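**Student:** Oh and the sequence shown: position 778 is 1108 in this note's numbering, straight run, nothing missing. We put the CB at the ideal spot given by N, CA and C, even for glycine. Keep in mind it's a predicted model, so treat the numbers as computed, not measured.
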Amino acid sequence: MSPTSSPADHDQSDPVAGPSPRHLAKAYEFREVEDRWYQNWLEHKNFRATLDESRPSFAIVIPPPNVTGVLHVGHALNNTLQDILVRYRRMQGYNVLWLPGTDHAGIATQNVVERQLAAKGISRHEIGREKFIERVWQWKEESGGQIINQLKRLGCSCDWDRERFTMDEGLSRAVRAVFVRLFKEGLIYKGDYIINWCPRCHTALADIEVEHEETAGKLYHIRYPLADGSGHLVVATTRPETMLGDTAVAVHPGDERYNRLQEAAVILPLVGRKIPLVFDTHVEKDFGSGALKVTPAHDLNDFEIGRRHDLPSLKVMDDDGIMNDEAGPYAGLDRFACREKIVADLEAAGLLEKIEEYQHGVGHCYRCQTVVEPALSRQWFVAVKPMAARAAQAVRAGEINLLPKMWHNTFYEWMDNIRDWCISRQIWWGHRIPAWTCEDCGELIVSEQDPDVCPRCRSSRLQQEEDVLDTWFSSALWPFSTLGWPEQTKELQMFYPTSVLITSFDILFFWVARMMMMGLHFMNEVPFRDVYLHALVRDKEGKKMSKSKGNVLDPLELMDQYGTDALRFTMAAFAAQGRDIKLAEERIEGYRHFINKLWNAARFTLMHVGEEAGAQAVTAGQALRAGKIDFRGLSLPHQWILSRAGKVATEIGRALDDYRFNDAASTAYQFVWREFCDWYLEWIKPELYGDDDAVKEQSRAVLLTVLEDILKMLHPLIPFVTEEIWHALPGSRSSIMVEPFPLLDSARTNDAAEAKAELLMEVVGGIRNIRSAYMLHPSAMIRVSIICPNPVKAKQLADLAEAVQGLTRSETVEIQAAGERPPGAAAQILADFEIFVPLAGLVDVAEECAKLDKEEAKIDQEMQRIKGKLNNEKFLAKAPPEVIAKERAKEAELLSTLATIAENRKRLSEL
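#1: Which same chain residues end up closer than 6 Å to Ala-1131 when comparing Cβ atoms and leaving out the 5 residues on each side of it in sequence?
#2: Looking only at DSSP bridge pairs, what is Arg-868 linked to?
#3: If you follow the beta strand (DSSP E) that Gly-680 is part of, which residue opens it and which one closes it?
#4: Alpha carbon to alpha carbon, how far is Lys-645 from Asp-750?
#5: Distance, Cα to Cα, His-353 vs Glu-942?
#6: Does DSSP put His-639 in a helix, in a strand, or in coil?
#7: Under the rule that 16 or more other beta-carbon atoms within 10 Å means buried, what is Gln-969, buried or exposed?
#8: Do the CB positions of Leu-888 and Thr-980 come within less than 8 Å of each other?
#9: Measure the alpha-carbon distance for Gly-983 versus Arg-1139 and round it to whole angstroms.
#10: May I ask you to list the residues that DSSP assigns as paired with Val-1242?
#11: Thinking C-alpha only, which one of Gly-693, Ala-1207 and Gly-849 is nearest Glu-544?
#12: Use the C-beta contact count for Arg-445: other C-beta atoms within 10 angstroms, 16 or more gives buried, fewer gives exposed.
#13: Where does Trp-371 sit, in a helix, a strand or coil, going by DSSP?
#14: Can Leu-1242 and Thr-1052 be called in contact, C-beta distance under 8 Å?
#15: In its own chain, which residues sit with a C-beta less than 8 Å from the C-beta of Met-421, not counting the 5 before and 5 after it?
#16: Measuring straight from C-alpha to C-alpha, what distance separates Arg-603 and Ala-705?
#17: If you draw a straight line from the alpha carbon of Val-1251 to that of Asn-1234, how long is it in whole angstroms?
#18: Runs of 4 residues minimum, wholly inside the region 683-729: which ones carry the alpha helix (DSSP H) assignment?
#19: According to DSSP, is Thr-545 helix, strand or coil?
#20: Short of 6 Å in beta carbon distance, which residues of its chain neighbour Met-875, apart from the five on each side in sequence? Order them along the chain.
#21: Is the Cβ-Cβ distance between Ala-580 and Asp-610 less than 8 Å?
#22: Excluding the 5 residues flanking Ala-1207 on each side, which residues of the same chain have their C-beta closer than 8 Å to its C-beta?
#23: I believe Glu-1141 touches Arg-1113 by the beta-carbon criterion, under 8 Å. Please report the beta-carbon distance rounded to the nearest angstrom.
#24: Here's a check: name, in chain order, each residue in its chain whose Cβ is nearer than 6 Å to the Cβ of Lys-1236, leaving out the five neighbours to either side.
#25: Judging by CA-CA distance, which residue of Glu-686, Asp-489, Leu-535 and Trp-469 is the nearest neighbour of Gln-412?
#26: Grab me the residues of Val-745's own chain with a C-beta within less than 8 Å of its C-beta, minus the 5 sequence neighbours each way, in chain order.
#27: Using the Cβ count rule (16 or more neighbours within 10 Å means buried), how would you classify Gly-1171?
#28: Taking the straight line between their C-alpha atoms, what separation do you get for Ile-918 and Ala-903?
#29: Less than 8 Å between the C-beta atoms of Ile-1048 and Arg-898, yes or no?
#30: From Ala-1156 to Ile-1100, what distance separates their C-alpha atoms?
#31: List the endpoints of the continuous alpha helix (DSSP H) containing Lys-623.
#32: How should Lys-470 be labelled, buried or exposed, when 16 other C-beta atoms within 10 angstroms of its C-beta is the threshold for buried?
#33: Are Arg-503 and Pro-764 close, meaning C-beta to C-beta below 8 Å?
#34: Can you find the residues in the same chain that come closer than 7 Å, C-beta to C-beta, to Gln-779, ignoring five residues on each side of it along the sequence?
#35: Taking only three categories from DSSP, how would you classify Tyr-523?
#36: Three-state secondary structure (DSSP) at Lys-604?
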C-alpha cells in the first residue's frame, strides 16, 4: 500500500542543475553524468532521513562490508537491490532511512596490518598491544573504508550522515551493555570446550566460520592390543597424529562382538599407555570395526564421550599445530609431519592393519584456508538455545518473512540444533572482552565501566581478559545499536524494527539469525519484517568466480566500460528468487543498448517539444494528469499507451513490493523497448509530422506525459540516466527522486483500446514476418489483402487499415469477408484472419535462390569441420567438456540455419 503523503513533501525539492532544457547530447556520456548527479544528490541532501512522524517510515540497515573490503559483484548485486527498494519507497512518500556503515573485520584487518609490519621486519608482539591498536586505527583512517566510495559510485542513496562503524564509540557502548547483561543472565559463561582453532590466524572460530571441503584423504586402520594379551582391536582414523592424546577406546553397548570385553583395557600403540575400553551409544557399529579411538582434547564428539565417562583430556598439540611435550618422542613435529612419522612407525611395529583411500569433509578457516584443528580450549560462550528457539518461532509465526521460502527448513534445522556460540577470539583488534580477574583473590569482574578496584578484596591489581569478541557479536546488534541503543532514541522509535534486510544467503547463520536472536532478546521485537536472501553471482557458465580461475568480473571495471545504470539493470534483471545469476559482459552490454534506446527516445521527444511546444506540452500534460482532458477523445495510440503505462507502473510496483526484481526489470524493459519505442513512437509519427496543430499538441502532451511516467518507473533501477533526461524535459523540475511513483489511474485504463492495439500489432507483425521471410527490401511498397470472415473483427481491421498502411509501407490494405488466395502471394495465417501479400515484381526468385545456395555451401563447409572434430576420438578424450559442448552447440545452430534455408527455398518455389 502506498502512503497518502507525497514525496513532494520533502524539503529537498529545490530545482537542481542539469543539462540545458530540450537538449541532450547525441550519445549518452555516462561518465560525466554519473559523477555530476551523485554530487548533486549529496549537496541537496536527497538521501537524508528525517524524524518527521507525519509520513510512514521505511528502514534498511546495510549489511556492513568489511573495512578491508573492495567492491565485488556480490556487493554490487546486494546494494543495487537495496537501492532500488529505497528509491522506490522514497518516491512513494515514505520517510526512508538506509543506514550505512562498515564492520571492523577483526581477523581480516589484523592480518592486513600484521603484513604491513612484517614487510618492515616487525611483529605485533614487538611493539605491543597498545601500539598495534594505534597502527590499526591509523590504517583505518588512511586506507580503510574505500568500499564506501565504491558504493557511492554504484549510486547507493544511503544516509551518509548516519554512517556507523562497528567499533565507534556508540557501538562499543552497546557491545559492552549486551555482554554484561547476558553475563548477568547466565547466558554468557567461560568454560573448557572443543573449539575450532586456526593455527595460522591463532584464534578460535565459530562453527559457521569453518568451511568444509570434500578432500581426498586416507583412513588408517590401527591395531590397539588388548592389555591382557588376548588379541587386539582395530580402530580407524583419518588423523593418526591425535592418537597420542587418546584416553580410551569406545564401542557400542549393543555390539555383541565386544560383550566379553567388559572392564577390559587396551594399550595405546607406540606410547604404551594403558587406556580403558568404554561402551557408548555414540559409536557407529557399522563403521570400520565398530571400535572408536577417544581423544577428548581434539574432537568434539570425543569430548562429549569423555564427559560421560569421566575421561581425562590430554592436549598433544600447541597453538601453531606443532606437537607438544605430551606427544613424547614426536614433540616438535608439525602435525602433518607427525602423521607421516606415526604411520611409518606403526607399519614398522606391525600395528598398521591397512590404509584406505577416503573422501571426507575437512574444515578450513574461512579467512586463510588453513586446515582447522579441533582443540580443547578455555573460551567465552553464549548459551544461545533459548534465544534461537524464540527466533525460530518468530519465523514460524510469520513475524519475520524469510524469502525465498526454500530456506525455511535449513533455517529451522540449524536453529533447532544450535550449539553454544564461542565468542572469544585470540587477536588484538576488536572489542576487548569487558572482564577482569583480581590477581589477589581471583574474583571475576564483568562490567560496562573499567573497574578501579576489586569489589571483593579492594585490590587494584586487576587483569583484563586478553581476548576480543567475535566480529559477528557486534554486527549482531547492528539494527538497534546503529539507532542509538542502549539510549531510547527517536531513531529507535521511528525506524526499529527495520522494514527489510537484503543479504546473501551464505551469511544467514553468521549474521541474520544472530540479529534475530539479539533483537528479540534486547528489543523484545524482531529486527526486521522481511529477509530477502539473494543468490550468488556466477560466471556466464554458472561457475563460481575466483581469481585462480581468472573468471572474476570487477564491477568497477564494468561500470567504467558500460556505465553504472547498465550494470544495475543487469543485476536486477537476473535477480530471480532462489536462482544464481550467470553474469556475462555481453548481457551488460545488451542492457547498455537499452539505456541508449531510452536516451534516443528522449531525444526524439525533445525534437517535438521545443520552446513554445514544450510549454504547451507541459500545460496539456498537467491537464491530462488532472483529468481535465477526456481520455476517450484521444486517438487510439494515445488511449492505448496511457492505459498500458498505468498498468505497467502498477506491475513494476507490485513486483518490487514482492522482491521480484527480475520481474520489475523485465516488465519495464518490454514496455519501453517494444511498446513505447517500437510501436507507439512509430505509430504517432504521422500525427507529429502532420499539419493539424490540434492533433500535434495532443500527441506532444501524451508523448511527454508517458515519457515522464517511464522515467519515474525506471528511476529506482537506473537512477543516473533518468535524472539526466528528466532535467532535459521542458518545465521547472526538482530531482526525479522526489517525484511520486506512477499510480494506476482508472480513468486512463482502457481495455478496449488495448485489445484494438494488440490486433494492430498482430496484423503488422504478420506482414513484417512476410517481408522478413521473403527478404523484401525495407523500402519496397507492397499491397496487403486480409480475409476475415468475422464481421466484428473485420470492422476493427478496417478501422486500423490506415495505421497498418503507415507501419508496413503498404500502398493498399484491403479487408474482405471471403476470397481466394491471390496468385503468387505470400501468406500469413493467424487465428481469425489470413494475410496475403502478392510478390510479383518484388522478388527475383533466381537471385534469391542463388544467395541461399551460396549460404548453404558455406554452412556445409563449416559443418564438415565440426563433424571432423566431434567424430575424432582423440579430440573427445582430450578436449575440456566446455569446448566439446561449444562445438555441439555450433553444430545445432548450423543445423537450424540449414532448416531455415530449406524453408525459404520452399517458399520461393511456390512463387
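**Tutor:** Result, derived from the coordinates:
#1: Val-1143
#2: Lys-874 and Lys-912
#3: Gly-680 -> no beta strand (DSSP E), and no H or E assigned at all.
#4: 22 Å
#5: 14 Å
#6: helix
#7: buried
#8: no
#9: 38 Å
#10: Here the chain comprises residues numbered 331 to 1241, so residue 1242 is not present and cannot be evaluated.
#11: Gly-693
#12: exposed
#13: helix
#14: No answer is possible for residue 1242: it lies beyond the span of the chain, which begins at 331 and ends at 1241.
#15: Pro-337, Lys-1042, His-1045, Pro-1046, Met-1067, Val-1068, Glu-1069, Pro-1070 and Phe-1071
#16: 21 Å
#17: Missing from the structure shown is residue 1251; the chain here goes from 331 to 1241 and no further.
#18: 715-726
#19: strand
#20: Asp-869, Asn-881 and Val-882
#21: yes
#22: none
#23: 5 Å
#24: none
#25: Asp-489
#26: One point to set straight first is that residue 745 is Met, not Val, in the sequence displayed. Answer for Met-745: Ala-718, Ala-719, Ala-721, Ala-722 and Ala-843, listed in chain order.
#27: exposed
#28: 10 Å
#29: yes
#30: 7 Å
#31: That residue, Lys-623, is in no alpha helix (DSSP H); its beta strand (DSSP E) goes 621-624.
#32: buried
#33: no
#34: none
#35: strand
#36: strand
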